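A quick write-up on the structure given underneath.
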């Protein structure tokens, strides 16, 4: 065991060994006086810290030593005894620094780019020179980069994504890190799901009249416009008319206020070939004719799938339509797109036997029938309001002269 | 000023039983030997930081230790080794805490100045002068509110009588008639400066008792029997709903204020004179006069030393605390988490 | 739901807990017979009697020391310090004793107590009766620190503080005492350490506390209507424990952090939040962090000076218009 210079007072930093009571080779008992120390405050006898034989004396009489310096070594009797308890130095051993993976910065870091802009540029291997800044003094903002990436197309984005975070296999499982779009969608959906009390309501609508119009005008339409006329624009048209009569569903929740929007801007959920979801917006839908709605929806969907949407295409939605009908689904309980308060799912339209009430009594007919399912935020409206809205949509779909609407 | 001359000497009290006397002697011995061992361990560099010894003041802590009920509460200062031990706290726990070992009463978290053993009613040692007086009053309030008959005893030094918390706590306790006994151990020095040089009255506690409507109580703090009698009266009064007491016990510390202090400020001959009145020596002489025999006392002394040796060995053998303990026990859930 | 003032919510919270648990006792200066200098504890003496609702001498150390001694021996005291400025005269009990005792005793002693105090500016009381000192408390390990902005939070968080096993400093905003708001009827308990998002926006995330929450909300609505800047507003509610997850997740969405603090500039709580955000979501920031605070001065008394010292709605709007693009 080491014999060290004790600290004989809070302000004392050193002392003089004035006398050793033992010499090398002498036996010493614990607590027996071993040496004298003198400081500017005190002169005192110091007892031995352990029993044993003096193996070494390192600081001779008359020599000044700093507090903590080894003065002598006692070889302890009973060799197996550990002296680990005195090794307080081990306590100070620093924990190894956490592994740090620096993010790759763009080469031209001299520009005044914010951290998030630098990160996005690095992740997507972009040069700031390619992007027009719309911020103060032409600064490139986060939205500028996001807009550029959307415009540039999915190809490069996908490649870079796999460069930064690569799927890897552990045992029989493959781990595929979520990309940032996926993560952000997840965050929004989670927040919506956990903050808004969701209620699902559905009605069955008879698409007979819609189908009649499609039959009558479809081929001509396809030839003229270059794309197929689906059910979706008809539903969008009916929904925007119904929303005008039920404005509390064309609204956003802001804390204790329901902001009721004048303009009806319909978000259209578009699947990106199973690799993400975007919701471009048909602005001011109530002011648009059915053909215009059909063209706008088709244009947005095409541009979404080819990554040619502009940032403006994605903003200001007031109500959302989600269309899974192409897959023949029966009913979909959608999650509300906050801060909006409702979303409508259009599912598969199937031919079904339907009871038709007529003046001559009930008859059974084969009609194209589909479910319209609305999820609404119960903080904003109640079930009766939502149900009345759905009835309105259903009635419009089933009763309007859609051929005439198509020729408008 | 020599306040020792002003004390009334009373003859050894006959109403203290033989068993109680042996208990008083045993406690004084253990406190004395343990404090001496603490000093030795410090010289061996096994006790770090600072430590404030009560060598020479043991009679007060011992007498209260004997008088107090197991469910009474002790509140003491950074010079609190003796008061904590006097409640029956583990000696290895005390020495282990001084040495920063896992077996310490506080697992190494508190150190010499904060010894606590709640299970034994030792409700903490407080290192800010005066702070624990209102805390003791609060514990007394709790006893009063719940009607448990428990009493809080609060020990402090002469220097404490000049800080605001002393006066706040005394007034508060008197107004609310709380079951608390305040014990001023007047060892003549605040830290390095004589208390008489900085205090407007001769007896810093006893002379101020009147301000709070309390009787002035002065006692020879080096006579365990005298302290025992005064303590018994004050505790009974408190338990019976009679409110607080303020006791000033005259005593003297044989060592400096703390380990940094060789106490060179003391006039020549003062220490020697007080060593003549060493409470442990005085009590031994009294026991012999009262007919206890030498072998009995020798056996008790050997037993006390044996207990100290055993505690020292246990503490030395105890492992160091775990570094993981640093971030434990800030909160009641055991964690130190301040964020999610 | 009943509409209560912020001050009535204080009394309602205390009464709810005293009725539920007879270990809960309440002490302070002028709190019992007088019902508190801010009339926040009116009726408690009549309801619970002089044994549980106690007037104290002007002895802040004795009040908090007594609360501490009572808490460590089985009671659950609520102590009032009339003005938060007066915490300075009993700071030893708060910072050295109450905060540290559990740690120093290695968990032998727990201190389930609440210190309520009237905090903040707006009453032209001058520099010794108007400070916002929540950041003093936040700097001391071992104290939980809560500051509600709405009457409902006063009741719910006060109840949560009383039931919490650790010491809680509960800062009531004196300029909000007369504010009215819906408060749930019946037994109502909130949760410490949860921030609330009061408004969602896309351009910046404003984090505020107590009186500043209302100013941040007003500023956000002006910014949206008149300047096309849309802001998320978070009411921190509790500085310790701190709900960093809510703050971080909202800052990531907007890319900008703004703190609005009533305390003076240096070492205000916003500095700690700024540090955490800079540390943990630096690569999501789209611009410098903005701290809006009272300047680093003692508070002046004259209404003109006081109003221009603490962050105002106009100042928040101005600074964000200048700095958010």
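Chains as they are written, first to last, in the working numbering: chain A, 1 to 408; chain B, 409 to 748; chain U, 749 to 1073. Ideal Cβ positions, reconstructed from N, Cα and C, are used throughout, including at glycine. All values derive from a computational prediction rather than experimental measurement.
- Per DSSP, residue 757 (chain U) is one residue of the alpha helix (DSSP H) stretching across 754-768.
- The beta-carbon of residue 8 (chain A) is placed less than 9 Å from the nearest beta-carbon of chain B.
- Under the Cβ criterion of 9 Å, residue 748 (chain B) is not counted among the residues facing chain A.
- Looking at the DSSP output, residue 867 (chain U) sits in a beta bridge with U:921.
- Residue 527 (chain B) counts as exposed, since fewer than 16 other beta carbons sit within 10 angstroms of its beta carbon.
- Relative to the Cα of residue 661 (chain B), the nearest Cα in the group B:435, B:695, B:595 belongs to B:595.
- For residue 15 (chain A), the closest alpha carbon among the candidates A:22, A:21, A:135, A:5 is that of A:5.
- Of the candidates U:906, U:875, U:800, U:911, the residue whose Cα lies closest to the Cα of residue 1050 (chain U) is U:875.
- Neighbourhood of residue 1069 (chain U) in chain A, by CB distance below 7 Å: empty, with the nearest CB roughly 11 Å away.
- DSSP places residue 311 (chain A) in the helix class (H, G or I) of the three-state scheme.
- Under the Cβ criterion of 9 Å, residue 652 (chain B) is not counted among the residues facing chain U.
- Neighbourhood of residue 448 (chain B) in chain A, by CB distance below 8 Å: 31, 47, in chain order.
- Proximity of chain B to residue 815 (chain U) at the Cβ level (cut-off 8 Å) is accounted for by 546, in chain order.
- If the five residues before and after residue 950 (chain U) are omitted, its C-beta is found closer than 7 Å to the C-beta atoms of 978, 1002, all from its own chain and listed in chain order.
- Interface flag for residue 487 (chain B) against chain A is unset, since no Cβ pair is found closer than 9 Å.
- The residues 362, 364, in chain order, have a CB closer than 7 Å to that of residue 355 (chain A) in the same chain once the five nearest residues on each side in sequence are set aside.
- Judged by their CB atoms, residue 373 (chain A) and residue 320 (chain A) are not nearer to each other than the 9 Å cut-off.
- DSSP, reduced to helix, strand and coil, places residue 229 (chain A) outside both helices and strands of the structure shown, so it counts as coil.
- Taking C-beta atoms as the reference points, residue 29 (chain A) and residue 57 (chain A) fail to come closer than 9 Å.
- Taking residue 393 (chain A) as reference, the option from A:114, A:128, A:202 with the minimal CA-CA separation is A:202.
- Distance from the CA atom of residue 39 (chain A) to the CA atom of residue 695 (chain B), rounded to whole angstroms, is 41 Å.
- With a cutoff of 9 Å on beta-carbon distance, residue 389 (chain A) and residue 341 (chain A) are scored as not near each other.
- Taking 9 Å as the cut-off between beta carbons, the residues of the segment 330-349 of chain A near chain U are 338, 339, in sequence order.
- When DSSP reads this structure, residue 484 (chain B) sits in a beta bridge with B:533.
- Every unbroken stretch of the beta strand (DSSP E) spanning 3 or more residues and falling wholly within the segment 837-896 of chain U is given here in chain order: 862-867, 892-894.
- Within the segment 453-481 of chain B, those residues whose Cβ lies closer than 9 Å to any Cβ of chain A are, in chain order, 453, 454, 456, 457, 458.
- DSSP lists B:594, B:628 as the beta-bridge partner residues of residue 658 (chain B).
- Residue state for residue 1046 (chain U) is assigned as coil, using DSSP reduced to three classes.
- When 9 Å is used as the limit between beta carbons, residue 579 (chain B) is near these residues of chain U: 805, 807, 810, in chain order.
- Shown here is that no member of the segment 314-325 of chain A has a Cβ falling below 8 Å from a Cβ of chain U.
- Contacts with chain B at 9 Å (Cβ-Cβ) do not include residue 1005 (chain U).
- With at least 16 other beta carbons inside 10 angstroms of its own, residue 441 (chain B) counts as buried.
- Relative to residue 664 (chain B), the option among B:426, B:433, B:464 whose CA is nearest is B:464.
- Per DSSP, residue 322 (chain A) is one residue of the beta strand (DSSP E) stretching across 319-323.
- Under DSSP, residue 66 (chain A) forms a beta bridge with A:14.
- The Cβ atoms of residue 288 (chain A) and residue 281 (chain A) do not sit closer than 9 Å to each other.
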